[in-house]
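*Asks:* Numbering (our numbering), first residue to last: 56 to 632.
(1) Any chance you could list the beta strand (DSSP E) runs of at least 3 consecutive residues sitting entirely within the region 440-505, in chain order?
(2) Taking a contact to mean a Cβ-Cβ separation below 8 Å, would you say residue 226 touches residue 190 in this structure?
(3) Return yes when the Cβ of residue 550 is within less than 8 Å of the Cβ of residue 503, no when it is not.
(4) Starting from residue 429 and walking both ways along the alpha helix (DSSP H), at which residues does that stretch end?
(5) Under 8 Å, do residue 233 and residue 184 count as touching if we go by C-beta distance?
(6) Which first and last residues belong to the alpha helix (DSSP H) in which residue 218 is found?
(7) Using C-beta distances below 8 Å, list every residue in its chain close to residue 626, excluding the 5 sequence neighbours before and after it, in chain order.
(8) According to the neighbour-count rule (16 or more other Cβ atoms, all chains shown, within 10 Å of its Cβ), is residue 488 buried or exposed?
(9) Need the endpoints of the alpha helix (DSSP H) that residue 313 sits in, please.
(10) By Cβ distance below 7 Å, which residues in the same chain neighbour residue 529 in space, the five residues on each side in sequence not counted?
(11) Between 96, 294, 102, which has its C-alpha nearest residue 421's C-alpha?
(12) Tell me which same chain residues have a C-beta within less than 8 Å of the C-beta of residue 216, skipping the five on either side of it?
(13) Out of 483, 301, 521, point me to the one whose CA is closest to residue 547's CA.
(14) Beta strand (DSSP E) containing residue 586: first to last residue?
(15) Identify the residues that DSSP records as bridge partners of residue 531: which are they?
(16) Strictly by DSSP, which residues pair up with residue 565?
(17) By DSSP's criteria, residue 525 is part of a beta bridge. Which residues make up the other side?
(18) Would a check of beta-carbon distances place residue 110 closer than 8 Å to chain D?
(19) Going by DSSP in three states, residue 576 sits in which element: helix, strand or coil?
(20) Note down, in chain order, each residue of its chain lying with its Cβ closer than 6 Å to the Cβ of residue 20, except the 5 sequence neighbours on either side.
(21) For residue 510, which three-state DSSP category applies?
(22) Looking at residue 367 and residue 208, is the spacing between their C-beta atoms short of 8 Å?
(23) Nearest CA to the CA of residue 257: which residue from 564, 363, 454?
(24) Which residues in the same chain have their Cβ closer than 8 Å to the Cβ of residue 130, if we skip the five residues on either side of it in sequence?
(25) For residue 136, which of 166, 335, 586 has the nearest alpha-carbon?
(26) Secondary structure at residue 267, three-state DSSP: helix, strand or coil?
(27) Going by other Cβ atoms of all chains shown within 10 Å of its Cβ, with 16 needed for buried, is residue 125 buried or exposed?
(28) Using 8 Å as the Cβ pair cut-off and three pairs as the minimum, do the region 239-255 and the region 105-123 touch?
(29) Of the choices 427, 471, 468, 467, whose alpha-carbon is the least far from that of residue 453?
(30) With distances taken from CA atoms, which of 470, 205, 501 is nearest residue 565?
(31) Could you name the residues of the same chain whose beta carbon sits closer than 7 Å to that of residue 484, not counting the 5 residues immediately before and after it, in chain order?
(32) Tell me which same chain residues have a C-beta within less than 6 Å of the C-beta of residue 616, skipping the five on either side of it?
(33) Run through DSSP, which three-state label would residue 552 get?
(34) Indicate whether residue 425 and residue 213 have their beta-carbon atoms separated by less than 8 Å.
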């Protein structure tokens with residue numbers, strides 16, 4: 056046989072040259088698979104990743120600017136509250152929120168000190184001096200002022216309390232503050248960056264009123280009757296009286312609230328859509344409804360949605376100085392993306408150590424914060440079966456803003472133990488101030504507190520009560536008038552027993568929405584206003600409660616005799632003693 060011309064390999068050739076199949080087998084041999092993780096290990100890794108994400112450092116310049124703007128908002132609100140305790144002095148009762156009866160009011164002089172302390176803490180927060188101490192003091196004093204009496208209730212006051220609470224735990228004094236300047240002079244410069252969750256918590260706080268406000272607006276009266284907007288706008292004339300204007304406000308307001316938070320978080324829509332829309336919306340709210348500092352505060356909160364380092368970068372550019380803590384050009388540096396995504400290890404290559412106590416606290420605090428604010432506004436769907444705009448049950452903190460107008464009145468049918476009966480209207484009681492009168496008739500909880508105070512007054516006059524029943528007639532959002540209170544129920548049986556979350560009065564002493572009998576407002580014109588005022592004066596005088604005009608303030612003052620020749624502000628009289 057002829058040779059092919061190619062040399063033959065000797066039989067003793069190495070195996071790696073004569074066995075190509077074996078070559079492939081050996082070169083592609085993969086490492087053994089990693090051991091399977093138990094579910095507990097996977098949960099631990101997930102928790103560690105979650106905490107690591109929360110603690111990514113971001114610059115604190117946006118929350119620092121907001122700190123200063125927010126302090127100005129609080130000072131503006133305190134200016135509106137400067138006569139709070141003088142107004143309390145014109146009454147013999149305060150009306151605490153359900154479950155908050157332990158928040159006791161101070162005397163007029165003590166109240167002035169409390170207001171001054173809160174204002175001083177706000178000034179310290181504004182300039183960033185002793186911020187870590189000033190913010191908790193500001194939160195405690197402001198929250199105390201807010202919770203004293205429901206006559207001061209407004210949703211944005213509750214939001215202000217939430218902001219101050221969160222502010223007590225975050226580093227919003229790490230930039231543009233006297234604290235930072237003093238430390239720099241001492242050679243102890245502090246990192247101006249803070250964990251991501253500090254900024255995220257503030258962003259979420261200001262997103263909640265929008266989103267849950269939209270959920271609340273998804274009701275029949277607002278979307279399909281444009282009420283109470285029509286009844287509010289018609290008397291104003293001009294554009295407000297245009298038949299289409301209330302409908303435009305109702306639907307555009309709901310849609311705006313529904314999407315604005317998402318537009319603010321999404322970087323591509325934040326500046327060209329969300330910012331102009333939010334400024335326009337809140338400015339219109341201020342003009343149409345005059346709702347205090349709330350629109351200003353919501354506009355100020357937009358600073359939180361800038362890139363975290365932008366204010367510091369702008370200041371550094373203006374002053375032509377290098378700012379510490381700014382991200383390098385090679386870094387992303389944004390809250391919205393992954394600021395640590397460069398050279399970021401793959402998921403299977405990450406290695407986390409055990410969580411420290413501080414990291415556990417971060418995870419628990421932030422998760423609890425999100426859970427509370429996600430569920431608390433929705434509690435009326437689970438705990439109470441009626442419309443909160445009618446019964447007010449679950450209304451507090453549910454972000455039901457400008458959704459109801461309840462017009463009507465009540466008459467109390469009071470029977471003493473000796474059989475004497477009185478027909479008294481709270482509107483004729485000159486021993487409560489005007490702000491309280493506006494709240495106590497159509498809010499069942501507040502009326503119950505008022506009945507409890509009347510019970511104490513009659514007992515102090517040695518005239519104990521047998522029963523207090525209510526005749527009522529209210530129209531919610533221009534609907535047909537109905538009874539709110541069950542006229543056969545004795546309210547004395549429920550005084551002091553309506554203070555816990557989940558306790559309902561529906562079916563016991565108040566009607567659910569739409570279940571009360573129809574009524575006419577003129578049906579309540581069954582009492583003599585002059586006789587009612589005379590009876591109020593007589594009972595209070597016998598109980599040692601007096602109304603007069605102060606020689607200094609020239610305003611009405613209601614005092615109570617606590618001993619012979621010793622008088623104090625009547626509103627200091629403890630409830631349910």
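Ideal Cβ placement from N, Cα and C applies to all residues, glycine included.
*Replies:* In brief:
(1) 461-471, 476-479
(2) For this step, residue 226 is matched to residue 171 along the chain shown. For this step, residue 190 is matched to residue 135 along the chain shown. Against a cut-off of 8 Å, the Cβ pair of residue 190 and residue 226 comes out as no contact.
(3) Numbered from its first residue, the chain shown carries residue 503 at position 448. Numbered from its first residue, the chain shown carries residue 550 at position 495. Closer than 8 Å, so yes.
(4) Locating residue 429 in the chain shown gives position 374, where the first residue counts as 1. Looking at the DSSP string, the run of the alpha helix (DSSP H) that includes residue 429 is 412-430.
(5) As a working mapping, residue 233 is identified with position 178 in the chain shown. As a working mapping, residue 184 is identified with position 129 in the chain shown. Closer than 8 Å, so yes.
(6) On the chain shown, position 163 is the one that residue 218 refers to. Taken as a continuous stretch (DSSP letters only), the alpha helix (DSSP H) holding residue 218 covers 210-222.
(7) Reading the chain shown from its first residue, position 571 is the one you call residue 626. Excluding positions up to five away in sequence, the list reads 143, 144, 146, 147, 148, 149, 160, 613.
(8) Taking the first residue of the chain shown as 1, we reach residue 488 at position 433. Classification of residue 488: buried, given that the 10 Å Cβ count is 16 or more.
(9) Position 258 of the chain shown holds residue 313. Per DSSP, residue 313 belongs to the alpha helix (DSSP H) from 300-320.
(10) Within the chain shown, residue 529 is the residue found at index 474, counting from 1. Cβ within range, chain order: 461, 462, 463, 497, 536, 537, 539.
(11) The residue given as residue 421 occupies position 366 in the chain shown. Nearest C-alpha to residue 421: 102.
(12) Here residue 216 is taken as the residue at index 161 of the chain shown, counted from 1. So the list reads 194, 197, 198, 201, once near-sequence residues are dropped.
(13) Counted from its first residue, the chain shown places residue 547 at position 492. Nearest C-alpha to residue 547: 521.
(14) As a first step, residue 586 must be located in the chain shown, where it is residue number 531. Here residue 586 belongs to no beta strand (DSSP E); instead the alpha helix (DSSP H) covers 584-597.
(15) Numbered from 1 along the chain shown, position 476 holds the residue referred to as residue 531. The partner list for residue 531 (beta bridge, DSSP) reads 461.
(16) Taking the chain shown and counting its residues from 1, the one referred to as residue 565 is at position 510. Its beta-bridge partners are 540, 561.
(17) Within the chain shown, the letter at position 470 stands for residue 525. Residue 525 pairs with 467.
(18) Here there is only one protein chain, and chain D is not present.
(19) By 1-based counting over the chain shown, the position of residue 576 is 521. Of the three classes helix, strand and coil, the one that applies to residue 576 here is helix, per DSSP.
(20) As displayed, the chain neither begins before 56 nor continues past 632, which places residue 20 out of reach and without an answer.
(21) Taking the chain shown and counting its residues from 1, the one referred to as residue 510 is at position 455. Correct three-state label for residue 510: helix.
(22) Along the chain shown, read from residue 1 onward, the residue named residue 208 stands at position 153. Along the chain shown, read from residue 1 onward, the residue named residue 367 stands at position 312. Not in contact: residue 208 and residue 367 (Cβ atoms no closer than 8 Å).
(23) Counting from one through the chain shown, the residue named residue 257 turns up at place 202. Comparing Cα positions, the closest option is 363.
(24) Within the chain shown, numbered from 1, the residue matching residue 130 stands at position 75. Here the set comprises 174, 177, 178, 181.
(25) To locate residue 136, count along the chain shown from 1; it is residue 81. Of the listed residues, the one whose Cα sits closest to residue 136 is 166.
(26) Taking the chain shown and counting its residues from 1, the one referred to as residue 267 is at position 212. Three-state DSSP puts residue 267 in a helix.
(27) The residue you call residue 125 lines up with position 70 of the chain shown. Burial call: buried.
(28) yes
(29) Within the chain shown, residue 453 is the residue found at index 398, counting from 1. Here the closest residue by C-alpha is 427.
(30) As a working note, residue 565 is residue 510 in the chain shown. The shortest C-alpha separation from residue 565 is found at 501.
(31) Here residue 484 refers to the residue found at position 429 of the chain shown. Cβ within range, chain order: 591.
(32) The residue labelled residue 616 in the question sits at position 561 within the chain shown. Same-chain partners within the cutoff: 599, 622.
(33) What you label residue 552 is simply residue 497 of the chain shown in a count that begins at 1. Reduced to three states, the DSSP call for residue 552 is coil.
(34) Start at 1 with the first residue of the chain shown, and residue 425 comes out as number 370. Start at 1 with the first residue of the chain shown, and residue 213 comes out as number 158. Taking 8 Å as the Cβ cut-off, residue 425 and residue 213 do not qualify as a contacting pair.
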